[in-house]
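J.: Numbering (the numbering used here), first residue to last: 17 to 495.
Note that beta-carbon positions come from the ideal geometry of N, C-alpha and C, so glycine has one too.
Values in this document were obtained by computation on a predicted structure and should not be read as measured data.
Mind having a look at this structure? Questions to follow.
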Ligand code: NAD
């Protein structure tokens with residue numbers, strides 16, 4: 017079922033939620049087989065819509081290559097579904113827990129029950145995978161789900177709607193289409209859990225709205241993720257990896273390296289080798305078929321504004337790879353650009369960039385780099401290129417980020433068995449891995465009384481056994 021909801025039709029969304037919740041209560045938690053079946057249906061639907069997804073995303077962005085969509089979205093979706101299906105039995109299994117001495121002969125375990133109905137809100141930058149991976153997680157954990165994809169990628173949202181409508185009953189999975197007003201109403205629904213992926217600013221509003229109903233939230237937000245390059249480690253390999261992280265999807269990636277901290281001795285080598293690495297990856301510059309467009313005019317103008325602001329404040333602006341004269345027959349292609357030496361007051365050093373611009377700052381000691389990171393909001397990801405020495409260990413120990421990547425960028429997200437989530441302004445909670453399954457499950461602790469009723473002896477009337485138990489645990493009575 018799909019709802020093209022207008023603000024005055026919010027009652028319809030509430031009704032879908034009611035229907036899903038009633039169906040959930042009537043049927044009870046789905047069995048292992050039912051969950052596997054739902055995951056298999058989802059997997060088949062994704063593969064059947066592969067071409068439609070590639071086309072829709074490319075049309076929504078202005079241009080995105082089918083390879084990039086396959087690698088950055090479908091690959092991850094299929095990998096996640098397979099990971100969940102493979103580990104489902106283990107995740108679902110009740111977990112035995114320790115029983116204290118005086119409660120012995122009893123048994124304690126945790127039952128991971130589905131929460132019920134999960135709401136999923138998604139952004140535009142990876143519009144398919146950031147809707148479908150949370151959905152797969154919700155299904156694996158035994159929930160029903162309502163999805164609210166982004167209005168900025170309408171063709172992709174429409175494919176998602178069609179695809180899911182074909183394989184799920186509306187009581188299982190429903191898609192709601194619409195913009196910020198619909199998002200606001202959606203986040204105010206009394207879900208059993210809400211997973212929001214998007215900006216920190218909207219994340220704040222979503223958490224406020226969810227708090228009215230005490231809905232637990234997972235917030236997957238953004239921020240400025242640093243990449244720190246150890247002295248002497250600016251080489252082709254490092255630069256190839258930074259270019260991959262910064263220019264995939266033209267930098268419109270939550271875990272893209274936002275800015276670089278480079279040792280002052282390596283600055284010029286960094287600029288030169290970045291240029292070479294861009295030219296290798298995108299030989300035709302912004303016209304390369306593998307280079308993605310900026311999603312809309314507003315973001316394009318915003319990014320141009322960041323460059324101009326930094327230039328006006330004295331930063332050095334270097335277009336990397338091919339020169340601008342040859343660039344851009346396609347809409348909204350923005351040349352990969354280094355911005356060297358922008359100060360803290362420059363907008364590019366304050367807001368999340370979300371585009372193919374890389375500010376580069378220098379440091380002299382690892383303590384200075386650590387200080388820089390710790391003086392700012394905790395990032396979603398932190399990347400370090402360098403050896404296994406003390407500097408790396410110190411940086412990892414003394415900084416806190418959602419995740420970290422060593423000698424690579426972004427690949428941590430593709431590790432299905434690792435949790436993925438930010439901390440503080442970059443997010444709350446995590447999914448992927450067992451953490452995702454658990455975020456969408458209720459951990460119900462159960463204690464089962466044994467035949468030998470030791471706890472029963474610790475009640476009134478209090479006698480010698482109670483004295484003994486208290487002496488063992490608390491010491492002499494003190495009287
Ligand atoms: P956004 O916050 O503008 O939108 C996300 C969703 O919220 C959309 O579905 C939108 O319709 C809805 N929305 C908009 N205004 C709303 C409101 N007032 N109330 C409720 N819902 C509202 O984010 P975006 O621009 O689509 O995505 C970019 C941001 O997402 C970046 O900050 C990026 O870092 C972040 N992001 C994070 C992750 C992650 O996994 N941590 C992944 C991708 C993107």
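1) Is DSSP giving residue 369 helix, strand or coil here?
2) What residue does the alpha helix (DSSP H) around residue 183 start on, and which one ends it?
3) Hey, would you say the C-beta of residue 490 is under 7 angstroms away from at least one heavy atom of the ligand MG?
4) Classify residue 308 as buried or exposed, calling it buried when 16 or more other Cβ atoms lie within 10 Å of its own Cβ.
5) So, with DSSP's three-state summary, where would you put residue 283?
6) Which partner residues does residue 460 have in the DSSP bridge list?
7) Rank 405, 406, 401 by C-alpha distance to the C-alpha of residue 420 and give the top, closest one.
8) Report, in whole angstroms, the separation of the C-beta atoms of residue 456 and residue 159, which I expect to be a contact under 8 angstroms.
9) Excluding five sequence neighbours on each side, which residues of the same chain lie with their C-beta closer than 7 angstroms to the C-beta of residue 369?
10) Based on the DSSP output, what are the partners of residue 353 in its beta bridges?
11) Determine, using beta carbons only, whether residue 175 and residue 27 come nearer to each other than 8 angstroms.
12) When you measure from the CB of residue 163 to every non-hydrogen atom of the ligand NAD, does any distance come out below 7 angstroms?
13) Exposed or buried, which one is residue 229 when buried takes at least 16 other CB atoms within 10 Å?
14) Less than 8 angstroms between the C-beta atoms of residue 473 and residue 481, yes or no?
15) If you draw a straight line from the alpha carbon of residue 432 to that of residue 298, how long is it in whole angstroms?
16) Is residue 229 near the ligand NAD, judged by its Cβ being under 7 angstroms from some heavy atom?
17) By alpha-carbon positions, which one of 277, 262, 276 ends up nearest to residue 270?
18) Roughly how far, in whole angstroms, is the beta-carbon of residue 439 from the beta-carbon of residue 394, given that I think they are within contact range, below 8 angstroms?
19) Answer with yes or no whether the minimum CB distance from residue 423 to chain B is below 8 angstroms.
20) Taking the beta carbon of residue 460 as the centre, do at least 16 other beta carbons fall within 10 Å, making it buried, or is it exposed?
21) Taking its Cβ as the centre, do 16 or more other Cβ atoms sit within 10 Å of residue 209, making it buried, or is it exposed?
22) Do you know how far the Cα of residue 306 is from the Cα of residue 294?
23) Let me confirm a value: residue 42 is counted as buried when at least 16 other C-beta atoms fall within 10 Å, else exposed. Which label applies?
24) State the beta-bridge partners of residue 210 as determined by DSSP.
25) Report yes if the C-beta distance between residue 276 and residue 374 is below 8 angstroms; otherwise report no.
26) Going along the chain, which unbroken runs of the beta strand (DSSP E) with 3 or more residues stay wholly within the region 409-491?
27) Is residue 221 near the ligand NAD - that is, is its Cβ less than 7 angstroms away from at least one heavy atom of it?
28) Let me check understanding here. Comparing Cα to Cα, which of 280, 313, 251, 136 lies closest to residue 291?
29) Beta carbon of residue 213, beta carbon of residue 165: below 8 angstroms?
30) Using the rule of at least 16 other Cβ atoms within 10 Å of the residue's Cβ for burial, across every protein chain shown, is residue 154 buried or exposed?
31) For residue 157, does the count of other Cβ atoms within 10 angstroms reach 16, so buried, or fall short, so exposed?
32) Just reading off the beta strand (DSSP E) that residue 244 is part of, what are its end residues?
33) I think residue 190 touches residue 36, with their Cβ atoms under 8 angstroms apart; what is that distance to the nearest whole Å?
34) How about residue 75 and residue 220: are their beta carbons less than 8 angstroms apart?
35) Please check the pair residue 442 and residue 238, which I expect to be a contact at CB under 8 angstroms, by giving their CB distance rounded to whole angstroms.
36) When DSSP builds the beta bridges, which residues end up paired with residue 111?
T.: In short:
1) Residue numbering aside, residue 369 sits at position 353 when the chain shown is read from its first letter. Secondary structure at residue 369: coil, using DSSP grouped into helix, strand and coil.
2) Residue mapping note: residue 183 aligns to position 167 of the chain shown, counting from 1. Looking at the DSSP string, the run of the alpha helix (DSSP H) that includes residue 183 is 170-183.
3) No copy of the ligand MG appears in this structure; the ligands present are the ligand NAD.
4) Locating residue 308 in the chain shown gives position 292, where the first residue counts as 1. Of the other Cβ atoms in all chains shown, 16 or more fall within 10 Å of the Cβ of residue 308; this residue is therefore buried.
5) Along the chain shown, read from residue 1 onward, the residue named residue 283 stands at position 267. Residue state, collapsed to three classes: helix.
6) Residue numbering aside, residue 460 sits at position 444 when the chain shown is read from its first letter. For residue 460, which the question treats as bridged, DSSP gives the partners 127.
7) Here residue 420 corresponds to residue number 404 of the chain shown, with the count starting at 1. Considering only alpha carbons, the answer is 401.
8) In the chain shown, the residue the question calls residue 456 occupies position 440. In the chain shown, the residue the question calls residue 159 occupies position 143. Contact holds; Cβ gap of about 6 angstroms.
9) Taking the chain shown and counting its residues from 1, the one referred to as residue 369 is at position 353. These residues qualify, in order along the chain: 267, 274, 322.
10) For this step, residue 353 is matched to residue 337 along the chain shown. DSSP, once it has assigned bridges, lists 335, 373 as partnering residue 353.
11) Looking up residue 175 in the chain shown gives position 159. Looking up residue 27 in the chain shown gives position 11. Not a contact, by the Cβ cut-off of 8 angstroms.
12) Taking the first residue of the chain shown as 1, we reach residue 163 at position 147. Incorrect: residue 163 has no Cβ contact closer than 7 angstroms to the ligand NAD.
13) Here residue 229 corresponds to residue number 213 of the chain shown, with the count starting at 1. A residue is called buried once 16 or more other Cβ atoms fall within 10 Å of its Cβ, and residue 229, having fewer, is exposed.
14) Counting from one through the chain shown, the residue named residue 473 turns up at place 457. Counting from one through the chain shown, the residue named residue 481 turns up at place 465. Taking 8 angstroms as the cut-off, the Cβ atoms of residue 473 and residue 481 count as close.
15) Along the chain shown, read from residue 1 onward, the residue named residue 432 stands at position 416. Along the chain shown, read from residue 1 onward, the residue named residue 298 stands at position 282. A straight-line Cα-Cα distance of about 29 angstroms links residue 432 and residue 298.
16) The sequence position of residue 229 within the chain shown is 213, counting from 1. Residue 229 Cβ: outside cutoff for every heavy atom of the ligand NAD.
17) Along the chain shown, read from residue 1 onward, the residue named residue 270 stands at position 254. Out of 277, 262, 276, 262 has the C-alpha closest to the C-alpha of residue 270.
18) To locate residue 439, count along the chain shown from 1; it is residue 423. To locate residue 394, count along the chain shown from 1; it is residue 378. Indeed they touch by this definition, with Cβ atoms about 5 angstroms apart.
19) In the structure shown, chain B does not exist; there is a single protein chain.
20) Residue numbering aside, residue 460 sits at position 444 when the chain shown is read from its first letter. So residue 460 counts as exposed.
21) Reading the chain shown from its first residue, position 193 is the one you call residue 209. Buried, by the Cβ-count rule.
22) Sequence index remark: in the chain shown, residue 294 carries index 278 (1-based). Sequence index remark: in the chain shown, residue 306 carries index 290 (1-based). Rounded to the nearest angstrom, the two C-alpha atoms are 12 angstroms apart.
23) Locating residue 42 in the chain shown gives position 26, counting from the first residue. Flag for residue 42 reads exposed.
24) Position 194 of the chain shown holds residue 210. DSSP output for residue 210 lists 135, 233 as bridge partner(s).
25) Numbered from its first residue, the chain shown carries residue 276 at position 260. Numbered from its first residue, the chain shown carries residue 374 at position 358. Taking 8 angstroms as the Cβ cut-off, residue 276 and residue 374 qualify as a contacting pair.
26) Annotation: the region 409-491 contains the following complete segments of the beta strand (DSSP E) (minimum length 3 residues), in chain order: 419-422, 457-464.
27) As a position in the chain shown, residue 221 is number 205, starting the count at 1. Yes - the ligand NAD has a heavy atom lying nearer than 7 angstroms to the Cβ of residue 221.
28) As a first step, residue 291 must be located in the chain shown, where it is residue number 275. It is 251.
29) Here residue 213 corresponds to residue number 197 of the chain shown, with the count starting at 1. Here residue 165 corresponds to residue number 149 of the chain shown, with the count starting at 1. No, Cβ-Cβ distance for residue 213 and residue 165 is not below 8 angstroms.
30) As a position in the chain shown, residue 154 is number 138, starting the count at 1. Residue 154 comes out buried.
31) For the purposes of this step, residue 157 is taken as residue 141 along the chain shown, with counting starting at 1. Residue 157 is classed as buried because its beta carbon has at least 16 other beta carbons within 10 Å across all chains shown.
32) What you label residue 244 is simply residue 228 of the chain shown in a count that begins at 1. Note, residue 244: beta strand (DSSP E), 242-245.
33) For the purposes of this step, residue 190 is identified with residue 174 of the chain shown, where counting begins at 1. For the purposes of this step, residue 36 is identified with residue 20 of the chain shown, where counting begins at 1. Confirmed, about 7 angstroms.
34) Working through the chain shown from its first residue, we reach residue 75 at position 59. Working through the chain shown from its first residue, we reach residue 220 at position 204. The Cβ-Cβ distance between residue 75 and residue 220 does not fall below 8 angstroms.
35) Position 426 of the chain shown, counted from the first residue, corresponds to residue 442. Position 222 of the chain shown, counted from the first residue, corresponds to residue 238. 7 angstroms between Cβ atoms; contact.
36) To locate residue 111, count along the chain shown from 1; it is residue 95. BP columns for residue 111 point to 126.
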